[in-house]
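K.L.:
This is the structure, below, for whatever I ask next.
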Amino acid sequence: METTLVENLPEVTALGVIIKAIIILAVISALAGFGTYIERKVLAFMQRRLGPMHVGPFGLLQIAADGIKLFTKEDIVPQNANKLIFKIAPAITAATAFIALSSVPVFPDFTIPEMVFGVTIPLVGGVFVPSIASDINIGILFVLGMMAAGLYGPLLAGMSQANKWGIIGSARTAVQFLSYEVVTGLSILAPIMIVGSLSFVDFNNAQAGGIGSWLIWQQPVAFVLFLIAGFAETNRTPFDLLEHEAEVVSGYATEYSGMRWGMFFIGEYANMITVAIIASIVFLGGYDSSYELGWLMIILKISFFFFLMLWVRAAWPHVRPDQLMWLCWKVLMPIAVINIVVTGIVIMV
Amino acid sequence: MSLEQFKNRTVGTQVYKTLDLGETPKSGMDRFKQVVKRTFSLELFVGLWVTIREMGNALFGGNMHTVKYPFEKLPISPRYRAIHDMLRLLESGHYRCIGCGLCEKICISNCISMDTRYDENQRKEVSEYTINFGRCIFCGYCAEVCPELAIVHGGRYENASEQRAGFSIFEDMLTPIDKLNLQQEYDGFGAVTPNADENIKKTPLAY
Ligand code: SF4
Ligand code: SF4
Numbered sequence: 001m002e003t004t005l006v007e008n009l010p011e012v013t014a015l016g017v018i019i020k021a022i023i024i025l026a027v028i029s030a031l032a033g034f035g036t037y038i039e040r041k042v043l044a045f046m047q048r049r050l051g052p053m054h055v056g057p058f059g060l061l062q063i064a065a066d067g068i069k070l071f072t073k074e075d076i077v078p079q080n081a082n083k084l085i086f087k088i089a090p091a092i093t094a095a096t097a098f099i100a101l102s103s104v105p106v107f108p109d110f111t112i113p114e115m116v117f118g119v120t121i122p123l124v125g126g127v128f129v130p131s132i133a134s135d136i137n138i139g140i141l142f143v144l145g146m147m148a149a150g151l152y153g154p155l156l157a158g159m160s161q162a163n164k165w166g167i168i169g170s171a172r173t174a175v176q177f178l179s180y181e182v183v184t185g186l187s188i189l190a191p192i193m194i195v196g197s198l199s200f201v202d203f204n205n206a207q208a209g210g211i212g213s214w215l216i217w218q219q220p221v222a223f224v225l226f227l228i229a230g231f232a233e234t235n236r237t238p239f240d241l242l243e244h245e246a247e248v249v250s251g252y253a254t255e256y257s258g259m260r261w262g263m264f265f266i267g268e269y270a271n272m273i274t275v276a277i278i279a280s281i282v283f284l285g286g287y288d289s290s291y292e293l294g295w296l297m298i299i300l301k302i303s304f305f306f307f308l309m310l311w312v313r314a315a316w317p318h319v320r321p322d323q324l325m326w327l328c329w330k331v332l333m334p335i336a337v338i339n340i341v342v343t344g345i346v347i348m349v
Numbered sequence: 001m002s003l004e005q006f007k008n009r010t011v012g013t014q015v016y017k018t019l020d021l022g023e024t025p026k027s028g029m030d031r032f033k034q035v036v037k038r039t040f041s042l043e044l045f046v047g048l049w050v051t052i053r054e055m056g057n058a059l060f061g062g063n064m065h066t067v068k069y070p071f072e073k074l075p076i077s078p079r080y081r082a083i084h085d086m087l088r089l090l091e092s093g094h095y096r097c098i099g100c101g102l103c104e105k106i107c108i109s110n111c112i113s114m115d116t117r118y119d120e121n122q123r124k125e126v127s128e129y130t131i132n133f134g135r136c137i138f139c140g141y142c143a144e145v146c147p148e149l150a151i152v153h154g155g156r157y158e159n160a161s162e163q164r165a166g167f168s169i170f171e172d173m174l175t176p177i178d179k180l181n182l183q184q185e186y187d188g189f190g191a192v193t194p195n196a197d198e199n200i201k202k203t204p205l206a207y
């Protein structure tokens, strides 16, 4: 199957991919920080508060203040913790989140100009930077797999820290992520069957015919299931059982401080962005390559999903772990399977 | 709702409103029906609507509830017992305190200390008057006992300090003479009630 978006694109070089990786890392980390600001603001507005106001205009520099705080805080490793695993665990969460982002399209293609204002750019001038860092043809599978591997971050963190809340948190992690992995996979299987490819670019091209051709109209059930499972996989309300303060202090992150905790945080926000990207490409048509600013469309869609996560957090209470399991295995999974069967029959007929 | 209804602790006599929670499902089929009903009546979206409506209200309807505290303050009740004020007579501007010493006597934490002397007109004047706010428990007895409503509770409630003992002298608490027109009459603890006139009885001089 043809997976390139437009024919006769410039060749993707290793340098281009490295530049893209650096861009993704920098932008998504910054967005994660900015996401905390947006989250606080939106939650505040929904509760008729002002949110952060005092650091910088409208509290915008609060991100910088938080960053400085996270970087300069004392890095505490508990005495009885398994120190190596304790130190590695946050890196797993952050790394898997970013690796997942390497095969989804973030920002459009562009070529770094040879000259800027008459000054030749050394080394990187003229390098083509692709929109997907590694355009593998099993993109969706890879992203889902990577997000599933991210489960090891909270799991190991909770088990290594010699803290009961941590153990409970990691047990919940295992239960919740493993269960909802099933729903995510099954719900996204139906659109995959329709499009017949695992590549994000193919998904995008299959829905290029405007709003009417979006897969959400053909697969509304799969869309809702994927959203629900996505909330669970990114540990968002109403499924934020992993570190629900009122019950398990902070779950797997109880003993973490400073930048190690910050890495969990960045990983969580990167995952939110990833889920938003998948949802926008698979169900809402992705970016529009027919005109110059078509990539703005996907930014809008991603922002909407991000906002939806905050909105839901402001509005809904969270569920108990047993309700979570009940919902997953007795409701969502049967519906997902039925949806696949029906889709299969419709495709065959 | 009047205060009496809150104070009524006799169970069963209050007017309670019961929530209509419906019947608890008993059989499996009932539970299934409940799930389906709740799923398709879109109750969850009502919650979403409420939050987004409140966001609109807050941002565009001027309904923001945040008080930017050090810059803005909420009005406090006149019955709030904060740092004391010494009031002046509005007509003459002279301080109201007659040096009777009742407040010093009644103060249960012994934090008022005062001294008086005769001035050149052989009238009593207050020569020393301090309150140790490190000891004061803001009980309000001094304001209540004061026959002249001279010592009253003011509105300054931000009384963090570096030391435990914090003394205020008479002049600190006294209304500045140039702010006399801004002096508020005290209607908190120990002040005359609004219907004081009705409660006055004639002194029975007949016998
Ligand atoms: S409020 Fe109570 S403790 Fe404080 S000065 Fe008055 S009588 Fe004394
Ligand atoms: S009770 Fe009132 S009038 Fe008497 S000494 Fe105290 S402040 Fe002055």
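Residue numbers (my numbering), protein chains in the order written: chain A, 1 to 349; chain B, 1 to 207. C-beta: ideal position from N, C-alpha, C; glycine also.
1) Since B:S168 sits in a beta bridge, which residues does DSSP pair it with?
2) A:M272 and A:A91 - do their beta-carbons sit closer together than 8 Å?
3) Would the C-beta of B:F138 count as close to ligand 1, meaning under 7 Å from any of its heavy atoms?
4) Pull up the distance between the alpha-carbon of A:G286 and that of A:L227, whole angstroms please.
5) Give the straight-line distance between the Cα atoms of B:G47 and B:S41, rounded to the nearest whole angstrom.
6) Going by alpha carbons, who is nearest to A:V221 out of A:L242, A:E233, A:P191, A:V201?
7) Please name the residues in the segment 40 to 62 of chain A whose beta-carbon is closer than 7 Å to at least one beta-carbon of chain B, in chain order.
8) On the DSSP bridge list, what partners appear for B:S113?
9) At what residue ranges does the segment 219 to 245 of chain A contain a whole run of the alpha helix (DSSP H), taking only runs of 4 or more?
10) Closer than 8 Å between beta carbons: that is the criterion. Which residues of the segment 283 to 315 of chain A meet it against chain B?
11) Is it right to say A:M333 is buried, meaning 16 or more other beta carbons lie within 10 angstroms of its own, or is it exposed?
12) Taking 7 Å as the cut-off, is the beta-carbon of B:I98 closer than that to any non-hydrogen atom of ligand 2?
13) Which term fits A:V143, buried or exposed, when burial requires 16 or more other beta carbons within 10 angstroms of its beta carbon?
14) Would you check if the distance between the CB atom of B:F167 and the CB atom of B:N121 is smaller than 8 Å?
15) In whole angstroms, what separates the C-alpha of B:Q183 from that of B:G155?
16) Quick one: Cα of A:G344 to Cα of A:R172, how far?
17) Using a Cβ-Cβ cut-off of less than 8 Å, give me the residues of the segment 29 to 61 of chain B that come near chain A, in sequence order.
18) Pull up the distance between the alpha-carbon of A:Q207 and that of A:P238, whole angstroms please.
19) Taking the alpha carbon of A:E247 as the reference point, which residue from A:A157, A:K20, A:P321 has its own alpha carbon closest?
20) Please confirm whether B:N63 has its beta-carbon closer than 8 Å to some beta-carbon of chain A.
21) Which chain A residues are close to B:T66, counting only those with a beta carbon under 9 Å from its beta carbon?
22) Measuring only from the beta carbon, is B:Y141 closer than 7 Å to any heavy atom that is part of ligand 1?
23) Do A:A270 and A:F305 have their C-beta atoms within less than 8 Å of each other?
24) Rounded to the nearest angstrom, what separates A:V42 and B:N159 at their Cα positions?
25) Going by DSSP, what residue range makes up the alpha helix (DSSP H) through A:V183?
26) 8 Å is my cut-off, CB to CB: does A:L5 come that close to chain B?
P.N.:
With the given structure in hand:
1) B:I131
2) no
3) yes
4) 16 Å
5) Each residue's alpha carbon lies about 12 Å from the other.
6) For A:V221, the nearest C-alpha among the options comes from A:P191.
7) F45, M46, R48, R49, L50
8) B:T130
9) If one requires a minimum length of 4 residues, the alpha helix (DSSP H) runs lying completely within the segment 219 to 245 of chain A are 220 to 233, in chain order.
10) W311, V312, A314, A315
11) By the 10 Å Cβ count, A:M333 comes out buried.
12) yes
13) buried
14) no
15) 12 Å
16) 34 Å
17) V35, L44, G47, L48, V50, T51, I52, E54, M55, N57, A58, L59
18) 31 Å
19) A:P321
20) yes
21) A44, R48, R49, L50, G51, M53
22) yes
23) Between A:A270 and A:F305, the gap from beta carbon to beta carbon reaches 8 Å or more.
24) 35 Å
25) 164 to 195
26) Residue placement at A:L5 is flagged as unreliable, the pLDDT there being 48, under the threshold of 50; the coordinate-derived value follows with that caveat. Output row for A:L5: interface = no.
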